[in-house]
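Visitor:
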Amino acid sequence: MGRDSKPRKSVGRIKTISNSDKRHRKSRCKRREDEVKANNANNLATESVKTRQIQSSKEFGAGTGTETCRKTLDARSLDRDRPLSRMQLQRFEEFTRDAVKLGVKGILDEYATHLKPYVPPDITRTAFDANPKKNRYSDVVCADGSRVVLRNHTTDYIHANFVRGFC
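Residue -7 is where the sequence shown starts when you use my numbering, and the numbers rise one by one after that.
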């Protein structure tokens, strides 16, 4: 190379892909996607026949350890396509007839008078009653048995409860 000459840049070749190659690639990808979907569907069908376990664990405060609840479900009992019993149909008809007769306002009134203020008899609410200014909602009870206890604060109360759930 001389003094004035510039080094050559290596230029890679651009490979042109024909339309038929593109179609073949797409069809191979599509086939792979279809195979994966079919396998997933087969796995779900197999799983729905098997008995499944649902686990949920929630850590509560220090010293109480971990609570784990397991519930075994038979997937066939969850089948929504099986026919309803006569009793189920009768109860559904009664419910819909009453709901239509009451109307939206009547259903809301019934909820407000009967369901919203209900507190199970085995629930204690000592901390809730002792801290009325810290309760965000006066009609949502904070139960002593499952309430969140604050640590390293001037007070241990917050208007919050742990809630059990399933995965």
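Heads up, the beta-carbon is just placed ideally off N, CA and C, and yes, glycines get one too. Just so we're clear, the structure is a prediction, and the values are computed from it rather than from any experiment.
Counting only beta-carbon atoms, is Asn153 nearer than 9 Å to chain B?
Guide: Chain labels in this structure do not include chain B; a single protein chain is all it has.
Visitor: Say whether the stretch 108 to 123 touches the stretch 134 to 152, bearing in mind that this needs 3 or more beta-carbon pairs closer than 8 Å, one atom from each stretch.
Guide: Yes, since at least three Cβ pairs between the stretch 108 to 123 and the stretch 134 to 152 fall closer than 8 Å, the two stretches touch.
Visitor: Opposite Arg139 in the DSSP bridges: which residues?
Guide: Note: Arg139 sits in a beta bridge opposite Asn153.
Visitor: Shortest alpha-carbon distance to Ala104 belongs to which of Val132, Arg139 and Asn153?
Guide: Cα-wise, what sits closest to Ala104 is Val132.
Visitor: Glu102 and Leu94 - do their beta-carbons sit closer together than 9 Å?
Guide: Yes, Cβ-Cβ distance for Leu94 and Glu102 is below 9 Å.
Visitor: Assuming Cys134 contacts Asn144 (C-beta within less than 8 Å), just tell me the rounded distance between them.
Guide: Between Asn144 and Cys134 the Cβ distance is about 20 Å, and since that is not below 8 Å, they are no contact.
Visitor: If you draw a straight line from the alpha carbon of Ser130 to that of Thr116, how long is it in whole angstroms?
Guide: When rounded, the distance between both Cα atoms is 15 Å.
Visitor: Just the Cα atoms here: how many angstroms apart are Lys97 and Thr88?
Guide: Taking the straight line from one Cα to the other gives about 15 Å.
Visitor: Mind checking Arg139: buried by the 16 CB within 10 Å criterion, or exposed?
Guide: Classification of Arg139: buried, given that the 10 Å Cβ count is 16 or more.
Visitor: Which two residues bound the contiguous alpha helix (DSSP H) that contains Thr118?
Guide: Unbroken alpha helix (DSSP H) run through Thr118: Thr118 to Ala122.
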